[in-house]
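All remarks here apply to the structure that follows.
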Amino acid sequence: MELKATLKDYTESEFQALVNKIWAVDLSKQDHDRLINHFDQIVGHPKGADLLFYPNEKFNSNSPESVVDYVKDWHRNQGGTAFKEESVFVPAPSPVMTPLARSFAQVQKIAADVAASEVAVEKAFGLFGQGIQQLRDQLNGSKTVSDREADIRALEHVQHSVVIAVRKFEFWKMTVQFAKNDAQRNLTYARTEQAQWQSLAQQINALQDRYTGQLAAFSQRHRSLHDEVEALLIKAQDQLIRSRRLARAEPGQPGYMITASLAFAHKRPEVLLEGGPSGLQLSQQIDLQAAIRSVVAEFTWRNTSGEPSDETLCAAVMQFEFSSRADTQVYGLCVPLVELTPLEGQDWLSLAMKESEIDLPFRIGTTTVPARPGTMFQGLREVKTLAQVYITPTPSANVPAKVRVRAAQFDQQRGAFGFTIDGTTPVTVCWSTPVPLVRQTPAAQPPTRRLGFVQSLTVPLVEPITAEGATARFADYIVVFPDDSGFDPLYVMLSTS
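With the numbering used here applied, the sequence shown covers 346 to 842.
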């Protein structure tokens with residue numbers, strides 16, 4: 346990856362790739378710090394690299410795209426350009442207009458914007474209807490698992506586009522209302538040109554009447570299509586699950602593969618997902634780490650204070666929902682082992698070679714919990730359940746302290762360390778070693794955010810473990826890397842659902 350001398354040496358897409366790379370957090374600390382320092386030196390904004398991590402009331406850096414847009418707009422406001430091949434923006438001089446002419450121009454612009462938004466909604470509805478019909482036609486066909494996954498994701502993408510288009514149309518509601526109020530106020534207090542002000546008021550009233558009717562029609566149509574597509578997606582998901590089961594039953598089928606990076610695995614916890622990275626933001630990883638440390642400290646204090654408890658306790662450190670029905674929902678959590686227990690005093694490699702078990706003071710499990718009613722929506726669909734990751738102290742009546750210790754083997758073909766869990770359906774976690782920055786080609790797009798409604802409380806609530814959680818089988822391991830790798834052991838938990 347080439348680092349250029351100035352911001353103007355970058356095209357907008359090249360600078361976007363740089364920011365995407367910083368947000369991906371899949372480099373060694375040295376290379377990651379180097380990219381942040383480079384951003385700080387070339388961006389030209391007084392806040393420098395703070396733009397990446399510290400939003401303010403005028404700018405919310407909740408995506409790498411918003412960072413680039415802000416940098417671009419800021420340079421334009423300074424009278425210049427940010428990137429190579431970017432044309433200089435010279436605002437046209439505003440003509441001197443009377444208050445009446447200015448109001449007429451404003452209403453005409455609002456009417457044009459509302460009309461354009463209406464066209465966008467109609468187009469989105471058209472594509473939505475086509476997507477529904479295509480998936481319905483393909484349901485009964487003989488298709489591979491990957492094809493069924495792609496069909497579901499394609500319809501979900503169109504469904505999301507409809508949500509965005511309708512929301513943008515809804516955005517004009519207050520704008521139209523404010524314009525109507527202004528026109529009525531101007532008509533009331535106008536001393537001249539009464540007829541023209543009356544005409545303007547009639548125009549905005551007619552625009553509001555049409556907009557209100559169209560908004561109601563769009564909302565009704567959206568709800569109808571939403572109900573139709575939800576039933577269709579549920580059916581498609583059921584077929585996908587059956588197809589996966591049939592494919593897994595065939596001899597010689599490979600198990601699940603979870604890929605991860607060792608760049609920061611020994612520094613921060615990471616959610617492991619089958620099929621690719623989770624796309625968690627750095628702030629979400631930090632929140633998860635803080636929650637884990639808070640729970641470990643709380644349970645450690647309880648254990649050392651001598652407060653007895655007859656109940657098996659737990660504390661949730663993370664909740665989330667899978668963003669797509671096509672996801673396998675095979676997931677796990679990778680945590681530096683030092684977050685749960687001291688590393689000193691054990692020959693971890695020897696324990697791993699013998700496939701031993703060792704007592705851990707804490708174990709991590711998963712369950713499913715109901716979402717708070719009326720608080721979470723994916724478009725028009727209410728999210729009713731969330732996946733939950735929790736920590737529980739050991740030993741207890743329902744949770745033994747023994748955790749398996751396994752060795753990670755280096756795979757020359759993949760250039761990565763691998764480890765496969767025990768069981769009839771193998772799940773392999775494959776950790777790639779950090780690639781030096783000079784050998785990296787930046788991705789055009791950042792990782793897709795496959796998890797939604799991610800939440801980790803700073804001070805998680807300690808509560809009795811549920812009956813379901815009490816009987817759950819823990820699928821957790823301590824994974825040990827070769828001595829010459831330089832990597833400390835990791836605690837890995839995988840969902841057994």
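All C-beta atoms in this analysis are idealised placements derived from N, C-alpha and C, irrespective of residue type, glycine included. Since we're looking at a predicted model, the values are computed, not measured.
When secondary structure is reduced to three states using DSSP, residue 637 falls in the helix class. Just so you know, the alpha carbons of residue 713 and residue 632 end up roughly 20 Å apart. For residue 444, the uninterrupted alpha helix (DSSP H) segment begins and ends at 444-483. Residue 605 is bridged by DSSP to 776. The C-alpha of residue 418 is placed about 43 Å away from the C-alpha of residue 832. For residue 734, the enclosing beta strand (DSSP E) begins and ends at 730-738.
Rounded to the nearest whole angstrom, the C-alpha separation of residue 429 and residue 759 is 37 Å.
In terms of Cα proximity to residue 639, the closest of 427, 413, 389 and 806 is 806. The C-alpha of residue 685 lies about 14 Å from the C-alpha of residue 740.
Judged by their CB atoms, residue 809 and residue 658 are nearer to each other than the 8 Å cut-off.
Taking residue 691 as the centre and dropping the five residues before and after it, the same chain places the C-beta of 703 closer than 8 Å to its C-beta, in chain order. Around the CB of residue 384, 16 or more other CB atoms lie within 10 Å, so the residue is classed as buried.
Residue state for residue 698 is assigned as helix, using DSSP reduced to three classes. DSSP places residue 723 in the strand class (E or B) of the three-state scheme. Judged by DSSP secondary structure, residue 833 falls outside any beta strand (DSSP E); it is assigned neither H nor E. Excluding five sequence positions before and after residue 765, the CB atoms of its chain that fall closer than 6 Å to its own CB belong to 771 and 773, given in chain order. Taking a 10 Å sphere around the C-beta of residue 651, we find fewer than 16 other C-beta atoms and assign the residue as exposed.
Between residue 731 and residue 664, the CB-CB gap stays under 8 Å. Around residue 804, the same chain offers 639 as residues with beta carbons nearer than 6 Å, after the five sequence neighbours per side are excluded.
With 16 or more other Cβ atoms inside 10 Å of its own Cβ, residue 556 counts as buried. Within the DSSP bridge table, the entry for residue 797 names 666 as partners. DSSP, reduced to helix, strand and coil, places residue 356 outside both helices and strands of the structure shown, so it counts as coil. Put simply, of 477, 629 and 582 the residue whose alpha carbon is nearest the alpha carbon of residue 573 is 477. Around the Cβ of residue 547, a 10 Å sphere holds fewer than 16 other Cβ atoms; the residue is exposed. Note on geometry: alpha-carbon atoms of residue 441 and residue 535 lie some 20 Å from one another.
Contact check for residue 711 against residue 734 passes: the beta carbons are separated by less than 8 Å. Cβ contact annotation for residue 630 (same chain, cutoff 6 Å, sequence separation greater than five): 613, in chain order. With contact defined as three or more Cβ pairs closer than 8 Å, the stretch 440-458 and the stretch 489-501 are not in contact.
Counting C-beta pairs closer than 8 Å gives three or more between the stretch 745-759 and the stretch 819-837, which meets the contact rule.
Cβ contact annotation for residue 531 (same chain, cutoff 6 Å, sequence separation greater than five): 542, in chain order. The beta-bridge partner set that DSSP reports for residue 764 consists of 774. The alpha-carbon of residue 369 is positioned some 30 Å away from that of residue 729. Pairing residue 794 with residue 676, the inter-Cα distance amounts to about 14 Å. Apart from sequence neighbours up to five positions away, the residues of its chain that approach residue 494 with a beta-carbon distance below 7 Å are 585 and 671, ordered along the chain. Here residue 801 is buried: its Cβ has 16 or more other Cβ atoms, across all protein chains shown, within 10 Å. The beta carbons of residue 544 and residue 796 sit no closer together than 8 Å.
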